[in-house]
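Participant: Input: one structure, supplied below.
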C-alpha cells in the first residue's frame, strides 16, 4: 500500500489585513495550484483553487489584496515576466519586460532591478502597470508606513554599498531617507497607524534590534531605542509583526529543533511565551483583528495556519486551521516525533526520533542532514515519516556543525569537516548500539543503518568507512568526496562560502584523510561493508563515482537539483535533492525508491 503523500504548500503571502492568504500547492512535479485562503471574522478559514501553473517555485511569486484579488508573477528569461490576475472573471495575463521584476510585500507594488538602478512599479490590480520612480542601488522589501499605503519604505543597498531605509511617496514618486543621518539600518517591521518601526542596526558588526517612532509630518524615524532584554533573547530571533497599537512585537525564536512564539512588551521590555506545539514557524506573519496569523508545521502536520490571541488576556494557546486535502482512502496517522538529548565529552547533541523506541526496535536508522550549516527541524518531513511507517526507527541528530545551538556548536567544524561531527556520529552509534544489546533485531548483529544527503552523505560515507562494523547499510544521496574536491568544482560565490567554512582543510588523523577521492601516496578511506539486497559487497574508493549537479557545483551542496542514478558493477549513486527540497515530486521519488531497494522496505 502506498503511503499517502500530502501536497506541499509554499510561497505563502497574506493580504495587508490578514483576511486573505495565497500560496502554491504542489500537485505533480513542476505543477502547482494557486490556492486562496479566506478567513471569516471568527478566524475560521476556507480554501479555494484558482487555477494551475507550471514552473519552478523560485520563479512563481503570488500576492493577494484584501478583496481576494490574486496576482501571480511568473519570472521568465531575459527580463520577461508574466503577471496573471485571478478574480471572479477568471485569469487574465499581462506581459512585463523588466529585469529582476518581483512583487513587493506592499500590496499593489513591484520592484525591478537593472544594475545599478531599481524601479518601483504601480501594478494596482494587475490590469495596468505604471512606473513610479527610479533610484540608484538595489531595493528590497516594502513596508507601508501609513494606512492609505501612500508612503512605503524599502531597504536600499546603494551603489557604494551603504544600507539604509528609503521612503517612497507612491503618489508623487519622491524619495527620501527614512533615517536621516543614520546608515547601516535595515527596516524589519512597520505598523501603519500606530507609527511604530523595528530595525536591525549594526548588521555587519554586532546586529541588534532597535525600535523607533514615525514622525507623520516628515515621514522619518526618530526616538530610537535598543531594548536590552529584547536583544538578549536566547536563540535565533525573527520578528514577525507588531500588535495593533504597536506596543508589543511578536517573535519567532528558534532554539534547537523547534520554534518558540514570544510576545515582547516594548514598554516593559519583557516577554511572554505563547504555547505552540512542537513545530516550526516558517514564513510571513500578519496582524489581524483576531490576533497574529502565521504558518506552522509540525512533525505530524504538513501545513497549517495558526492564529495567536490578540491580547495577553486572550490566553497563551493558538487556533490552528488545517487545509482539507483530498485523501485516497483513510487519512494516515503520522508518526509522532520526540526530542532526545545526548551528552558526551565535548558535545551536547539534540535529535528528533521517529517511530518505536530505538532500544527495542528491530531496525534503526541514523539520518544525517545536509549543510553543514543546516539542521533537522521539528517540521513535517515526508521521507522520515515514510521510513517510520515502513517500520524503521529514525534518529535525526543535530551534531556539531548544525545551526540553532549557538556559535560554538555551529563553528565547531570550521576547517574541520569530518572531525567533531564525525566524532558525534560515532558517539551516537556507540550510545545506541550499547543500549540495544541482548535484543533480537532484524539486522545482523544489531547493526544500524545510515542515510545522508549532500554534506550528510559525505559524513555518512566517512562514518561507514571509519567504523564499518557499526553499519549494515549506508545510503548516500548526492554525496561529494572531499571538501577540496567540492571546492574545485564550485562556482566563485560558492568558493567564497567554502573558504569561510574551511572546506579545503583536510583532516588527517587515526582515521586517515577525510577524503574519499583516490590519490597516490596517501591513505584512502574504504567504505566496507555496505549491504545491497541480500548480499554483502565492498565499496573501495576507486569504485566511487561522483557526479556534481549539472557538471559542477553552482550552489551549496545541499541544493543539488538532479535526480539521476549512476550505475557501475559495485556502486549505485543517486544525485538527488536535499531534505529541505525533496518535496518536489519526481526527484524526491527517486530518493525514496532508491532507499526502498537499499533498505529492503515495501514502500516509501
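Residue numbers (the numbering used here): 641 to 1244.
The beta carbon of each residue, even a glycine, is placed where N, CA and C say it ideally should be.
Just so you know, these numbers come straight off a predicted model, no measurement behind them.
Helix, strand or coil for residue 917 per DSSP?
Facilitator: coil
Participant: Applying the criterion that 16 or more other CB atoms from any shown protein chain within 10 Å of the CB defines a buried residue, is residue 827 buried or exposed?
Facilitator: That one is buried.
Participant: Using the DSSP secondary-structure output, state which residues sit across from residue 672 in a beta bridge.
Facilitator: 666, 693
Participant: Going by CA-CA distance only, name the one from 656, 809, 756, 797 that's closest to residue 762.
Facilitator: Nearest C-alpha to residue 762: 809.
Participant: Just to confirm my understanding: we take residue 794, look at its own chain, exclude 5 residues before and 5 after, and list those with CB closer than 6 Å. What are they?
Facilitator: 779, 781, 782, 806
Participant: Would you kindly work out how many angstroms separate the C-alpha atoms of residue 982 and residue 857, rounded to a whole number?
Facilitator: 57 Å
Participant: Between residue 1191 and residue 755, what straight-line distance do the alpha-carbon atoms span, to the nearest angstrom?
Facilitator: Low per-residue confidence applies at residue 1191: pLDDT is 27, beneath 50, and the placement is therefore not dependable, though the value from the model is reported in the following sentence. Answer to the nearest angstrom: the Cα atoms are 29 Å apart.
Participant: Enumerated in chain order, which unbroken segments of the beta strand (DSSP E) with a length of 3 residues or greater are wholly contained in the region 726-773?
Facilitator: 730-737, 749-754, 757-762
Participant: Taking the alpha-carbon of residue 590 as reference, which of 666, 1111, 920, 1140 has the nearest alpha-carbon?
Facilitator: Here the chain covers residues 641 to 1244 and nothing more, so residue 590 does not appear.
Participant: Grab me the residues of residue 1064's own chain with a C-beta within less than 6 Å of its C-beta, minus the 5 sequence neighbours each way, in chain order.
Facilitator: 987, 989, 1039, 1040
Participant: Are the CB atoms of residue 1088 and residue 962 nearer to each other than 8 Å?
Facilitator: no
Participant: Are the Cβ atoms of residue 864 and residue 834 separated by less than 8 Å?
Facilitator: no
Participant: Quick one: Cα of residue 777 to Cα of residue 837, how far?
Facilitator: 23 Å
Participant: Do the region 841-855 and the region 815-825 make contact, defined as three or more Cβ pairs closer than 8 Å?
Facilitator: They touch, by the three-pair rule.
Participant: Given that a residue counts as buried once 16 or more other Cβ atoms are within 10 Å of its Cβ, and exposed if not, what is residue 1200?
Facilitator: Unreliable placement is indicated for residue 1200, whose pLDDT of 30 sits below 50; no coordinate value is reported for it.
Participant: Roughly how many whole angstroms lie between the Cα atoms of residue 752 and residue 1127?
Facilitator: 33 Å
Participant: In this structure, what does DSSP give as the bridge partners for residue 654?
Facilitator: Its beta-bridge partners are 661.
Participant: Quick one: using the 10 Å Cβ neighbour count with 16 as the cut-off for buried, is residue 1150 buried or exposed?
Facilitator: exposed
Participant: Name the DSSP beta bridge partners of residue 1128, please?
Facilitator: Partner(s): none; residue 1128 has no beta bridge.
Participant: So is residue 788 buried or exposed if we call it buried at 16+ other beta carbons inside 10 Å?
Facilitator: exposed
Participant: Mind checking whether residue 1098 and residue 1034 have CB atoms under 8 Å apart?
Facilitator: no
Participant: Quick one: does the C-beta of residue 687 sit closer than 7 Å to a heavy atom of the ligand ZN?
Facilitator: Absence of the ligand ZN is noted for the structure shown, with no ligands found whatsoever.
Participant: Checking 8 Å against the spacing of the C-beta atoms, do residue 950 and residue 1009 come in under that value?
Facilitator: no
Participant: Please report the Cβ distance between residue 772 and residue 760, rounded to the nearest whole angstrom; I am assuming they are in contact, meaning their Cβ atoms lie under 8 Å.
Facilitator: 4 Å
Participant: Have a look at residue 1043 and residue 812 and give me their C-alpha separation to the nearest angstrom.
Facilitator: 45 Å
Participant: How many Å lie between residue 675 and residue 941 at the Cα?
Facilitator: 18 Å
Participant: Per DSSP, what kind of secondary structure is residue 871 in: helix, strand or coil?
Facilitator: helix
Participant: Mind checking whether residue 659 and residue 928 have CB atoms under 8 Å apart?
Facilitator: yes
Participant: How many Å lie between residue 1018 and residue 802 at the Cα?
Facilitator: 37 Å
Participant: Over the uninterrupted beta strand (DSSP E) stretch that includes residue 984, give me the two end residues.
Facilitator: 977-984
Participant: Between residue 1249 and residue 1090, what straight-line distance do the alpha-carbon atoms span, to the nearest angstrom?
Facilitator: Because the chain is modelled from 641 through 1244, residue 1249 falls outside the range shown and cannot be assessed.
Participant: What does the alpha-carbon distance come out to for the pair residue 1116 and residue 895?
Facilitator: Approximately 28 Å, taken between the alpha carbons.
Participant: How would you write the range of the beta strand (DSSP E) that residue 816 sits in, first residue to last?
Facilitator: 815-817
Participant: Tell me whether residue 677 sits in a helix, a strand or coil according to DSSP, three-state version.
Facilitator: Note: residue 677 maps to strand in three-state DSSP.
Participant: Which one or two residues does DSSP pair with residue 893 in a beta bridge?
Facilitator: According to DSSP, residue 893 bridges with 877, 900.
Participant: Whole angstroms is fine: what's the gap from residue 725's alpha carbon to residue 791's?
Facilitator: 24 Å
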